[in-house]
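Novice: Under numbering that gives the first Met the number 0, the first residue of the first sequence is numbered 0, with each subsequent residue one higher.
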Amino acid sequence: MIDPRILRDEPDRIRASQAKRGASADVVDRALEADAVRRAAISTFEEKRAAQKVFGKQVAQASGEEKQALLAQVKELSAQVKELEAAQTASDEEWTASLKAIPNVVAEQTPPGGEDDFVVLEEVGTPRDFAAEGFEPRDHIELGRMLGAIDLERGAKVSGSRFYFLTGIGAQLELALVNLAMDQARTAGFTQVIAPSLVRREAMEGTGYLDQGGGEDIYRIEGEEMYLVGTSEVPMAAYHSKEILDGASLPRRYASFSPCFRKEAGSHGKDTKGIIRVHWFDKVEMFVYTTLEDAAAEHERLLGWEKEFLGKLELAYRVVDIAAGDLGASAIRKFDCEAWIPTQGKYRELTSTSNCTDFQTRRLDTRGRFPATGSATGSGQGEIRPVATLNGTLTAITRTIVALLETHQQADGSIRVPAALQPYLGGLEFLKPIGA
RNA sequence: GGAGGCGUCGCCUAGUCCGGUCUAUGGCGCCCGCCUGCUAAGCGGGUUUGGGGCUACAACCCCAUCGAGGGUUCAAAUCCCUCCGCCUCCGCCA
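1) State the start and end residues of the unbroken beta strand (DSSP E) segment that holds K345.
2) Please report the Cβ distance between N354 and A295, rounded to the nearest whole angstrom; I am assuming they are in contact, meaning their Cβ atoms lie under 8 Å.
3) List the DSSP bridge partners of K333.
4) Apart from the five residues just before and just after T289, which ones in its own chain have a Cβ nearer than 6 Å to its Cβ?
5) Just to confirm, are Y253 and F286 a CB contact at a threshold of 7 Å?
6) Measure from the alpha carbon of D28 to the alpha carbon of each residue in K74, K66, D11, K156, then state which is nearest.
7) Provide the residue(s) that pair with F256 in DSSP beta bridges, ordered along the chain.
8) Can you tell me which of the three DSSP states G377 falls into?
9) Taking the continuous alpha helix (DSSP H) assigned at P385, which residues delimit it?
10) I'd like the ranges of any alpha helix (DSSP H) spanning at least 4 consecutive residues and lying wholly in the region 157-186.
11) Taking 8 Å as the cut-off, does the region 156-168 touch the region 198-211 (at least 3 CB pairs, one atom from each stretch)?
12) Hey, how far is the Cα of P102 from the Cα of L197?
13) Are the CB atoms of G324 and R20 nearer to each other than 7 Å?
14) From which residue to which residue does the alpha helix (DSSP H) around M235 run?
15) Taking just the CA atoms, how far does V53 sit from E9?
16) Using 10 angstroms around the beta-carbon of E299, count the other beta-carbons present and answer buried if the total reaches 16, otherwise exposed.
17) Beta-carbon within less than 7 Å of Q79's beta-carbon, same chain only, minus the 5 sequence neighbours each way: which residues are those?
18) Hey, could you find the ends of the beta strand (DSSP E) R276 is sitting in?
19) Determine, using beta-carbon pairs with one atom in the region 411-420 and one in the region 264-281, whether at least three such pairs fall under 8 Å.
20) Quick one: residues in its chain with C-beta nearer than 7 Å to the C-beta of G373, no 5 flanking neighbours on either side, listed in chain order?
21) Indicate whether the contact test is met: 3 or more Cβ pairs, each with one atom in the region 233-241 and one in the region 350-364, closer than 8 Å.
22) So, helix, strand or coil for M0, using DSSP?
23) If you measure between the beta carbons of S255 and M225, is that distance less than 7 Å?
24) Would you identify the three-state DSSP class for V105, choosing helix, strand or coil?
25) Quick one: is V277 buried, meaning 16 or more other Cβ sit within 10 Å of its Cβ, or exposed?
26) For the region 29-43 and the region 78-96, state whether three or more C-beta atom pairs, one from each stretch, are separated by less than 8 Å.
27) Taking DSSP's pairing of strands, which residues face L389 in a bridge?
28) If contacts are defined as beta-carbon pairs under 8 Å, then A402 and L314 qualify, I think. What distance do you get, rounded to the angstrom?
29) Of all the alpha helix (DSSP H) runs that stay within the bounds of the region 63-125, which reach a length of 4 or more residues?
30) My understanding is that L291 touches P385, with C-beta atoms under 8 Å, so please give their C-beta distance in whole angstroms.
31) Helix, strand or coil for E297? Go by DSSP, reduced to three states.
32) Applying the criterion that 16 or more other CB atoms from any shown protein chain within 10 Å of the CB defines a buried residue, is E75 buried or exposed?
33) Using beta-carbon positions only, say whether I140 and G273 come within less than 7 Å of one another.
34) Rounded C-beta distance between L349 and R317? I'm assuming under 8 Å.
So, in structure tokens, the structure goes:
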């Protein structure tokens, strides 16, 4: 939800943002209209309500005939108040709905356009040249089978398509990656979190996921208003909902582990093989609460930690600045890190970091208490202002494994383990095919 | 899963039976000021949050807010219903 003050004072900023997203600006006019209607409704209701309260006091003090006379008078007033209150509530609902329909105002630096209009910010490392090395790289499916690490057949048998078992060294690899990520985060000052991946409707709504496309990518529990999260951004955004945080405690940085579930509706035929696109995977997500002023700088820091992690895995990747039309409703800017996948001959998204400013915290009612800036009175109690949220992937296990296996494979099907990861695998320098 | 209890403006708490003087009591903490060599103590005042009006986004006025939503009533913290959360006991169980 955007700041109503921006809507009122600078509607053109929102219109410009919508244009950059390639979206209609009708939402702005609808919201402005709703705001006017709502404010008029509030005034008329409050006026009558105040009159009713005055009457109420007279009734309480009166008695006998006098009281009966007053009751007769106030009855009419009461009916009016009731009517006006209903009108006020309705106008407020329309106002809220129209506000929620407006996506966040994109950053100045965000490239305009759609999915294909991203800007490559940098390329790190060089994709391995297997031709020069003299062998054909195997894909992660074959490597996973040779290593006894990924069992797709049984995943499909037990749970259906887009499911898998990580077995043996595959399971060890997940735990190693999680620990590597968690250690890096802890060292950087993050609080480690294991978050629930099943949440109530409020949490899912608050992050805005239900609005976008009607939540068709989200699993819902039959008969209960519970949802499986697609990322721990959901529980972590709701973590401090309905709270006023001490401004001095910001930034609050969390590194959250959770399974992630995605229906992948509408992605039929895309990435049908392997574990690039699955219905469930585990992820370590960075989630930060900070001030609006610091949000852009924190976004760069999150990107820095993502790059640090990919560096430890010795992967070749590029950083892209996602275009406005491809951003979610809550983000004003998004960077993806895309790793080179040898057998696909292209870069694929491994991590993603978004700056959501106060879009999520307004919905979820998370605010901060800061020392008063208004020098005039200096009332000493401090003031309450919105805070910003940002999120970024440290490691999404399945895609990390894909990149790792394919990038560091040897001609015999073994996998070289990057130095930084070795301590987490008991010092193992190579993952070897079973029976080799 | 069954039975019962509870939820008041940071924390604790009065009020709920018997609806109106509750514009919600008191204590702690916190903030501002006064006072005493300093400190502590003492004294005075302030201290929920959101919204609307008016404006300098001040002051001020108003409305809402007693877990959330609905109902009854001229009037609800107080009565009724639904939901959420917490606690106790029983059953089951990783």
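By construction, the Cβ of each residue, glycine as well, lies at the ideal position given by its N, Cα and C atoms. None of these values were measured; they are calculated from a predicted model.
Specialist: Let's see:
1) 345-354
2) 7 Å
3) S353
4) L249, P250, E297, A387
5) yes
6) D11
7) I193, V283
8) Only weak support is given to the placement of G377: the predicted model assigns it a pLDDT of 38, under 50, and the question is left unresolved by the model.
9) No alpha helix (DSSP H) contains P385, which is instead part of the beta strand (DSSP E) from 382-385.
10) 168-186
11) no
12) 26 Å
13) yes
14) 232-238
15) 40 Å
16) exposed
17) K47
18) Here R276 belongs to no beta strand (DSSP E), and DSSP marks it neither H nor E.
19) no
20) Its pLDDT being 47, under 50, G373 is placed unreliably by the model, and the measurement read from it follows with that caveat. Around G373: no qualifying Cβ.
21) yes
22) coil
23) no
24) coil
25) buried
26) yes
27) V287, N354
28) 5 Å
29) 63-99
30) 7 Å
31) helix
32) exposed
33) yes
34) No, L349 and R317 are not in contact; Cβ-Cβ is about 11 Å, not under 8 Å.
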